[in-house]
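Asker: Using the working numbering, the first residue of the sequence shown is number 1, and each one after it goes up by one.
C-beta atoms are modelled at their ideal positions from N, C-alpha and C, and glycine is treated no differently.
Note that the structure is predicted; figures quoted are calculated from it, not measured.
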Amino acid sequence: MLAVETVDLPEGVVEEEYAVPNILDFKVLADRLGDCLGRLSRFNARRAALSLPDGVFRIHILEFDELPPRAADRERLLRWRLEKAAAFDMAGTVLRYRVFRREGGPYTLLACAAKAAVVSQYESLLTDLGVQPWSIGPSSFHAMDHYATLLHEHPQSFAFAYIADDAISAMVADRENIFFYRWKEVRRTAADDSRLRVIREISDSIHFYTHRDRAQQSGADRLFLAGTAAGLDAVAEGVRSSLSIDVSVLPPMIGVAAAGDAAGDAAMPVVSAALLGAGGTV
1 MLAVETVDLP
11 EGVVEEEYAV
21 PNILDFKVLA
31 DRLGDCLGRL
41 SRFNARRAAL
51 SLPDGVFRIH
61 ILEFDELPPR
71 AADRERLLRW
81 RLEKAAAFDM
91 AGTVLRYRVF
101 RREGGPYTLL
111 ACAAKAAVVS
121 QYESLLTDLG
131 VQPWSIGPSS
141 FHAMDHYATL
151 LHEHPQSFAF
161 AYIADDAISA
171 MVADRENIFF
181 YRWKEVRRTA
191 ADDSRLRVIR
201 EISDSIHFYT
211 HRDRAQQSGA
221 DRLFLAGTAA
231 GLDAVAEGVR
241 SSLSIDVSVL
251 PPMIGVAAAG
261 DAAGDAAMPV
271 VSAALLGAGG
281 TV
């Protein structure tokens, strides 16, 4: 990552929701984001990856013994499974998924659904600013992809937790697959109370994964922490005490070479709306 620009947003500009429009004051958000992009104009970027709060999506991990070869048939099957298994409305959604498979094993699909009307708001915002959105996804998975080079140095299954000011996302994965995902909203309260709740939610997530299936081969033996919230070191110490697990706090994303980075690649902004609530940052 070459540079970072942030700007605070006043209350009432954006509401992070799955089912209703998110951008409540288009002009204010466009002005603030335009200022940020203007300060990055030296990179002459015209495409953007849009990283949205996990709460805007409904995210599930599903397994299939076989998958249809055609993309359209695969999406129909995936939508059918989500409509049967998930307690949320799939009508009017855009669906993105990633396929994992160990040799000879079942297919694991990480599926992310978002309301098309919500996604189109953010796409229109960027397009009006002269930037073409080409990739849209949850902030936690974009962060995990960014840190992939560091995470994949760990040979075993690992846990990864992405901590924003008002939510956490916890997942368990290895180099080839993803096994578990959980998102939890954490309302802002006094700093100490919020930190204790974050510690508890992360610890509970890892404990649940470790004990949910006695037949699973192994649990996560290391936790990697990243995010935009303050106090990650204190959270790491709290989780160590709670679970007796190795915990590493990952460095800030700026200065970390993302997986696939190469010298000479065209610069591309990642527009992160991970903290778009009242008093948040973009």
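Quick check on Thr127: buried or exposed, where buried means 16 or more other Cβ atoms within 10 Å of its Cβ?
Answerer: Looking at its Cβ environment, which holds fewer than 16 other Cβ atoms inside 10 Å, Thr127 is exposed.
Asker: Along the chain, which unbroken stretches of the alpha helix (DSSP H) at least 4 residues long are found entirely within the stretch 3 to 43?
Answerer: The qualifying runs are 26 to 39.
Asker: By Cβ distance below 8 angstroms, which residues in the same chain neighbour Ser124 in space, the five residues on each side in sequence not counted?
Answerer: For Ser124, where only same-chain residues beyond five positions count, there are no Cβ hits under 8 angstroms.
Asker: On the DSSP letters alone, give me the boundaries of the beta strand (DSSP E) that Ser51 sits inside.
Answerer: Residues 47 to 52.
Asker: Tell me Ile178's beta-bridge partners as DSSP assigns them.
Answerer: Per DSSP, Ala173.
Asker: Considering only the beta carbon of each residue, do Leu223 and Val186 sit closer than 8 angstroms?
Answerer: It is not a contact, given that the beta carbons lie outside the stated cut-off.
Asker: On the premise that Pro138 lies in contact with Ile202, defined as a C-beta separation below 8 angstroms, what is that separation, rounded to the nearest angstrom?
Answerer: Going by Cβ atoms, the distance from Ile202 to Pro138 rounds to 17 angstroms, so no, they are not a contact pair.
Asker: Which class does Gly231 belong to by DSSP, given the choice of helix, strand or coil?
Answerer: Of the three classes helix, strand and coil, the one that applies to Gly231 here is coil, per DSSP.
Asker: Measure from the alpha carbon of Gly231 to the alpha carbon of each residue in Ser205, Tyr162, Asp204, Leu243, then state which is nearest.
Answerer: When each option's Cα is compared against that of Gly231, the closest is Tyr162.
Asker: Hey, how far is the Cα of Thr210 from the Cα of Leu40?
Answerer: Near 43 angstroms, if we compare the C-alpha coordinates of Leu40 and Thr210.
Asker: Please classify Met1: does DSSP put it in a helix, a strand, or coil?
Answerer: Here Met1 sits in coil by DSSP.
Asker: Evaluate the contact criterion for the stretch 67 to 76 versus the stretch 37 to 55: three or more CB pairs, one atom per stretch, below 8 angstroms.
Answerer: Contact fails: fewer than three Cβ-Cβ distances are below 8 angstroms.
Asker: Going straight from the alpha carbon of Asp165 to that of Ser51, what length do you get?
Answerer: Going from the Cα of Asp165 to the Cα of Ser51 covers about 15 angstroms.
Asker: Excluding the 5 residues preceding and the 5 following Leu82 in the sequence, name in chain order all residues of the same chain whose CB lies nearer than 7 angstroms to its CB.
Answerer: Excluding residues within five positions, the ones whose Cβ falls inside 7 angstroms are His60, Met90, Ala111, Ala113.
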